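In what follows, a structure is listed as structure tokens, so that the remarks can point back to it.
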Amino acid sequence: MSTQATDRHAIGVAMKRKEDPRFIQGKGHYIDDLAFPGMLYLALVRSPYPHAEIKNIDIADAMKVPGVKAVITGKDLDAAGLGWLPTFHGFDKQMVLAIGKVLFQYQEVAAVFAESREAAADGAEAVQVDYAPLPVVADPFTSKTDKVLLRPDREQKTNHIFHWEVGDKDATARALASSPRRIKERLWFQRCHPAPLEPCGCVAYFDTMGRLQFHVTSQAPHVYRTALALVTGIPEDKIHVISPDLGGGFGNKVPIYPGYVCAIVGALKIGRPVKWIETRTENLTSTGFARDYHMDVEIGATEDGRVTALHVATTADHGAFDAAADPSKYPAGIFGIVTGSYAFPVAHAEVDAYFTNKAPGGIAYRCSFRVTEASYAIERGMDILADELGMDAAELRSKNFVKKEQFPYPSALGFTYDSGDYQKTLNLALEKIGYKQLLEEQAEKRARGELMGIGISTFTEVVGAGPSKHFDILGIKMFDSAEIRIHPTGAGIVRTGTKSQGQGHETTWAQIVAEELGLDPQTIMVEEGDTDTAPYGLGTYASRSTPTAGAAIAMAARRIREKARKIAAHLLEVGEADVEWKDYKFQVKGVPSKTVTMKDVAFAAYTNMAQNEPGLEATFYYDPPNMTYPNGTYVAVVDVDRDTGEVKVRRFLAVDDCGTIINPLVVEGQIHGGLTEGFAIAFMQEVQYDAEGNNLNTNFTDYLLPTSLETPHWETDKTVTPSPHHPIGAKGVGESPNVGSPAAFVNAVIDALSPLGVRHIDMPITRDKVWRAIQEAEQSKK
Ligand code: CDP
78 MSTQATDRHA
88 IGVAMKRKED
98 PRFIQGKGHY
108 IDDLAFPGML
118 YLALVRSPYP
128 HAEIKNIDIA
138 DAMKVPGVKA
148 VITGKDLDAA
158 GLGWLPTFHG
168 FDKQMVLAIG
178 KVLFQYQEVA
188 AVFAESREAA
198 ADGAEAVQVD
208 YAPLPVVADP
218 FTSKTDKVLL
228 RPDREQKTNH
238 IFHWEVGDKD
248 ATARALASSP
258 RRIKERLWFQ
268 RCHPAPLEPC
278 GCVAYFDTMG
288 RLQFHVTSQA
298 PHVYRTALAL
308 VTGIPEDKIH
318 VISPDLGGGF
328 GNKVPIYPGY
338 VCAIVGALKI
348 GRPVKWIETR
358 TENLTSTGFA
368 RDYHMDVEIG
378 ATEDGRVTAL
388 HVATTADHGA
398 FDAAADPSKY
408 PAGIFGIVTG
418 SYAFPVAHAE
428 VDAYFTNKAP
438 GGIAYRCSFR
448 VTEASYAIER
458 GMDILADELG
468 MDAAELRSKN
478 FVKKEQFPYP
488 SALGFTYDSG
498 DYQKTLNLAL
508 EKIGYKQLLE
518 EQAEKRARGE
528 LMGIGISTFT
538 EVVGAGPSKH
548 FDILGIKMFD
558 SAEIRIHPTG
568 AGIVRTGTKS
578 QGQGHETTWA
588 QIVAEELGLD
598 PQTIMVEEGD
608 TDTAPYGLGT
618 YASRSTPTAG
628 AAIAMAARRI
638 REKARKIAAH
648 LLEVGEADVE
658 WKDYKFQVKG
668 VPSKTVTMKD
678 VAFAAYTNMA
688 QNEPGLEATF
698 YYDPPNMTYP
708 NGTYVAVVDV
718 DRDTGEVKVR
728 RFLAVDDCGT
738 IINPLVVEGQ
748 IHGGLTEGFA
758 IAFMQEVQYD
768 AEGNNLNTNF
778 TDYLLPTSLE
788 TPHWETDKTV
798 TPSPHHPIGA
808 KGVGESPNVG
818 SPAAFVNAVI
828 DALSPLGVRH
838 IDMPITRDKV
848 WRAIQEAEQS
858 KK
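Residue numbering for the sequence shown follows our numbering, starting at 78 and increasing by one per position.
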């Protein structure tokens, strides 16, 4: 593939800004920079209580605030049949504005529309709500008891949402019972938040034709259009969804949030454009969180370290509404990948989800629907097993890898892994990091009482949802699409159903077209996010864009090449069968001097096409035959200060295998970003609630973002094992570093503390947790 990095994105954005007068000049092309004449602002009244009955809402004072135009409540919406919003999960629905009671702190209670942002905020403060507090359920284990029923609106009178399982339960239990060695550990992957730098927002208005123009921070604009049509009854052709530049998404911008619905209702009711922009606190407290899985991991093994069985039982905290953005048939996402890179003869995984008085969600934060939790469970589990067996963590992994010759590999939990060479990737990582020398250094340090740890994670994940036979969102099958038009001069445009949030599709999609058609990538415009122009697609999340839309682009380009061959034959004055595509040109077979370029053919397609249909364009809807299985070996080296508990990540090496690489620079950027997020999750971030259900991390002084000061230096390398079923052999990569790295960090810290007898610490591994673990270990030895 061509590897040239371009500044196409910057050029594209600058052009759009110049052309679009609705955007405030010089500021950007983001929702908050969009301005329309007569635009109103929306502010939401939010509950201070996690669980309370709403006795009364008095809007009289709010309506007196200068500039306030209207206030709506849950009752108003309910009366209009818009009280509830289906969640993307499909199993549940969510109140748009609270009806009767609130179920989590910061839940949306009323919507205030005003002439300015300030007036809307003042109006929201003036809305008087009488609450009668109810008992709070702050964790899923309390929820299990059903002593307080959180969702009387549902048919099932229980807090239990679903039980999901996969694998052979009895065979796994038998294998575990007869295994000579066994480990069992409860691991909690804490609740965390994607926290994109740009929070969510929208502008909604009905144009003079009565058509809804909806500018919104959406990772899945087409799904929004369909969902809005189904919920509001507005015909789908009367809805135009535009997702402009996004300042990050990471899964947070997949669900439809109450603020969006209120903005549309306000625009309809008042007849003016309405803008809603979340505050940072609103984003952190009420939009899709991630993870919150309590996992009991059990692994059986032989005396010499061959794994015999895996059982994982999970208790999941889904918050007040089941708004986890998972495919319909997979309530626990793709958690079934929990056997990881290892050849488990038998396995069983189960997940039970519960409602609690917390914000709803469970979104795929840089993760294919629970793959991150699964990867953490198995990679921590393997380290605990190595410790139990007194075996080197790398050796245990090697011994149990799915071998190169076993692909395509059917896992015990039903996935068919496409390709991989795990041993090669591990070998490269160990050699590059100097594993042998590090072990020697560690032994010397341990003899001196110093705490040094080496943490390995040899993860396999699964991306590219998905084969439509298995994956859908709200019944809409998961595929993706591309439309390519080549203009007479050989320049062109490619549009897809995906939507970049900073991943560089503007560069990589142009490269795929250029590579397939022998054109200059600088002259291929990439456009995404506009439902009027882009072909239908399911959007960008879960690293699905390259496996789905990337494949669709290659296939659409090949369709163009087939048509171009006919025109080339006409230009070369030979039969079509005598023309071959060689070295990015059409050539008469066996006559290298007789060639035409795609540029020549493009011009002829509009000027000299003979009997052929004019024009040069194609569309392809790609339904992948399988997912792709990126993998890698990550190694972290840490030093732990025995007196303070401070952990210093001295080195971190990531060797990734994402198949064929389209753009090494983009991939490198994806890996750096994902590792930085993984580092933050491992050491800094947790959305904490107290026992009364109060959210303790409402802004960036409490929910910490890593800066360049604490972020380690990342070393990277790669192996390339192409996906056999993807047209260009590429696998997704964006989420891999977030999926694979938390276990490497934790394994390194626990390895450092293992001489003291410490077996596990839940993330985030803060200094005080480490210090306490050291103190407790030392006390118990006295
Ligand atoms: O769905 P999303 O774009 O977030 O994830 P992805 O498919 O992993 O792609 C992230 C970025 O990395 C895109 O610009 C891809 O085209 C690029 N990429 C690449 O250059 N080579 C790969 N093998 C995989 C992704």
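Ideal Cβ placement from N, Cα and C applies to all residues, glycine included.
Small disclaimer: the values here were computed from a predicted structure and weren't measured.
Under the three-state DSSP convention, the category residue i falls into
{"i": "residue 553", "result": "strand"}
{"i": "residue 259", "result": "strand"}
{"i": "residue 800", "result": "coil"}
{"i": "residue 705", "result": "strand"}
{"i": "residue 231", "result": "coil"}
{"i": "residue 576", "result": "coil"}
{"i": "residue 118", "result": "strand"}
{"i": "residue 533", "result": "strand"}
{"i": "residue 840", "result": "coil"}
{"i": "residue 680", "result": "helix"}
{"i": "residue 269", "result": "strand"}
{"i": "residue 602", "result": "strand"}
{"i": "residue 83", "result": "Bear in mind that the predicted position of residue 83 carries a pLDDT of just 42, short of 50, making it too unreliable to give a figure here."}
{"i": "residue 419", "result": "strand"}
{"i": "residue 102", "result": "Summary for residue 102: the model assigns pLDDT 47, below 50, so the residue's position carries little reliability, and this model does not support an answer."}
Residue i: CB within 8 Å of a non-hydrogen atom of the ligand CDP
{"i": "residue 444", "result": "no"}
{"i": "residue 176", "result": "no"}
{"i": "residue 483", "result": "no"}
{"i": "residue 618", "result": "yes"}
{"i": "residue 550", "result": "no"}
{"i": "residue 671", "result": "no"}
{"i": "residue 770", "result": "no"}
{"i": "residue 621", "result": "yes"}
{"i": "residue 801", "result": "no"}
{"i": "residue 749", "result": "no"}
{"i": "residue 807", "result": "yes"}
{"i": "residue 606", "result": "no"}
{"i": "residue 571", "result": "no"}
{"i": "residue 624", "result": "yes"}
{"i": "residue 580", "result": "yes"}
{"i": "residue 732", "result": "no"}
{"i": "residue 142", "result": "no"}
{"i": "residue 739", "result": "yes"}
{"i": "residue 812", "result": "yes"}
Among the options, the one whose alpha carbon lies nearest that of residue i
{"i": "residue 804", "options": "849, 636, 724 and 782", "result": "636"}
{"i": "residue 703", "options": "457, 483 and 487", "result": "487"}
{"i": "residue 628", "options": "551, 644 and 543", "result": "543"}
{"i": "residue 638", "options": "624, 626, 653 and 810", "result": "653"}
{"i": "residue 255", "options": "154, 380 and 341", "result": "380"}
{"i": "residue 463", "options": "764, 378 and 585", "result": "378"}
{"i": "residue 367", "options": "336, 338, 822 and 410", "result": "410"}
{"i": "residue 125", "options": "339, 430, 359 and 302", "result": "359"}
{"i": "residue 447", "options": "712, 266 and 789", "result": "266"}
{"i": "residue 563", "options": "691, 534, 672 and 259", "result": "691"}
{"i": "residue 429", "options": "168, 176 and 371", "result": "371"}
{"i": "residue 605", "options": "211, 541, 575 and 634", "result": "575"}
Residues near residue i in its chain [Cβ-Cβ closer than 6 Å; skip 5 each side]
{"i": "residue 602", "result": "570"}
{"i": "residue 780", "result": "361 and 774"}
{"i": "residue 516", "result": "none"}
{"i": "residue 50", "result": "Nothing about residue 50 can be reported from this structure: the residues present for the chain run from 78 to 859 only."}
Close Cβ partners of residue i (< 7 Å) along its chain, the five nearest in sequence each way excluded
{"i": "residue 144", "result": "191, 192, 193 and 196"}
{"i": "residue 941", "result": "Past the boundaries of the shown model lies residue 941; the chain is included only from 78 to 859, so the question cannot be answered."}
{"i": "residue 288", "result": "315 and 317"}
{"i": "residue 727", "result": "714, 715 and 716"}
{"i": "residue 334", "result": "277 and 364"}
{"i": "residue 346", "result": "147"}
{"i": "residue 324", "result": "107, 273, 274 and 275"}
Original post:
Residue ranges of each beta strand (DSSP E) run of no fewer than 3 residues wholly in the segment 305-334, ordered along the chain?
Top reply: 316-319
Original post:
What are the start and end residues of each continuous alpha helix (DSSP H) run of 4 or more residues lying completely inside the segment 491-529, in chain order?
Top reply: 499-510 and 512-524
Original post:
Which residue spans inside the segment 615-664 form an unbroken alpha helix (DSSP H) run of at least 4?
Top reply: 628-649
**OP:** Entirely within the segment 421-474 and at least 3 residues each: give me those beta strand (DSSP E) ranges in chain order.
**Re:** Runs found: 424-431.
**OP:** Only counting runs of 3 or more residues, tell me where the beta strand (DSSP E) segments fall wholly within the segment 723-791, in order along the chain.
**Re:** 724-734
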